[in-house]
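Novice:
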Amino acid sequence: MTLSNLINILLQWISINTNYDTSKFDFPINVVEPRIIQEIACGGKCPVIAFFSNEHGIYISDSNYNDPCNQSIILHEIIHYFQSDLPMENAFKEKEAYELQNKFLEELSIKTDMIDVLNIKKCRSNQSNRLFMR
Numbered sequence: 141m142t143l144s145n146l147i148n149i150l151l152q153w154i155s156i157n158t159n160y161d162t163s164k165f166d167f168p169i170n171v172v173e174p175r176i177i178q179e180i181a182c183g184g185k186c187p188v189i190a191f192f193s194n195e196h197g198i199y200i201s202d203s204n205y206n207d208p209c210n211q212s213i214i215l216h217e218i219i220h221y222f223q224s225d226l227p228m229e230n231a232f233k234e235k236e237a238y239e240l241q242n243k244f245l246e247e248l249s250i251k252t253d254m255i256d257v258l259n260i261k262k263c264r265s266n267q268s269n270r271l272f273m274r
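The sequence shown: position 101 = 241 (the working numbering), numbered continuously.
1. Using beta-carbon positions only, say whether Ile-213 and Ile-189 come within less than 8 Å of one another.
2. Measure the Cβ-Cβ separation of Tyr-199 and Asn-157 and say whether it is below 8 Å.
3. Beta carbon of Asn-259, beta carbon of Asn-242: below 8 Å?
4. Do you know offhand how far Ser-201's Cα is from Gln-223's?
5. Can you list the alpha helix (DSSP H) stretches of 4 or more residues lying completely in the stretch 181-261, in chain order?
6. Which residues does DSSP pair with Ile-169 in a beta bridge?
7. Pick helix, strand or coil for Thr-142, following the three-state DSSP scheme.
8. Quick one: is Thr-142 buried, meaning 16 or more other Cβ sit within 10 Å of its Cβ, or exposed?
9. Is the separation between the beta-carbon of Glu-217 and that of Phe-192 shorter than 8 Å?
10. Beta-carbon separation of Pro-187 and Leu-248 under 8 Å?
11. Exposed or buried, Ser-163, counting other C-beta atoms within 10 Å across all chains shown (16 or more means buried)?
12. On the criterion of 16 or more Cβ atoms from any shown chain inside 10 Å, does Cys-263 qualify as buried, or is it exposed?
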């Protein structure tokens, strides 16, 4: 699946599952090397593979866009775009983004008849294992 196709699918899901107006989504998505994201988000090496910046767009690592965990991370960052103009504390923005990310993973797991329902914790465990195996 291409990133463009995935974005369209995620925007459709967001439109169905939230009150955000996805027709207004026009924000840069920058595919960059993981080290660039890690430098921006953490100042060095860390397990971050995506990052939202109000000024510069969404940064994501080039990855397998067919992987549900990677899809959910992009969804999480797109949610932050829609939240950017809301007068909401950052903690509540994160809470909403994580709740929607978990809902997306659960629905996708059920829809594709996965034996084990995915959630953020399972995705992070898998991603950490991949990062440290390199």
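Glycine included, each C-beta is placed from N, C-alpha and C at the ideal position. These figures come from a predicted structure and were not determined experimentally.
Specialist: According to the data block:
1. Taking the C-beta atoms as reference points, Ile-189 is found nearer than 8 Å to Ile-213.
2. Between Tyr-199 and Asn-157, the C-beta gap is not smaller than 8 Å, which leaves the two residues out of contact.
3. Judged by beta-carbon spacing, Asn-242 lies within the 8 Å limit of Asn-259, meaning their Cβ atoms are closer than that value.
4. Cα-Cα distance, rounded: 22 Å.
5. List check, alpha helix (DSSP H) in window: 208-223 and 230-251.
6. Note: Ile-169 sits in a beta bridge opposite Ile-198.
7. Coil, per DSSP.
8. Its Cβ having fewer than 16 others within 10 Å, Thr-142 is exposed.
9. In this structure, Glu-217 places its C-beta atom within 8 Å of the C-beta atom of Phe-192.
10. No, Cβ-Cβ distance for Pro-187 and Leu-248 is not below 8 Å.
11. So Ser-163 counts as exposed.
12. Buried, by the Cβ-count rule.
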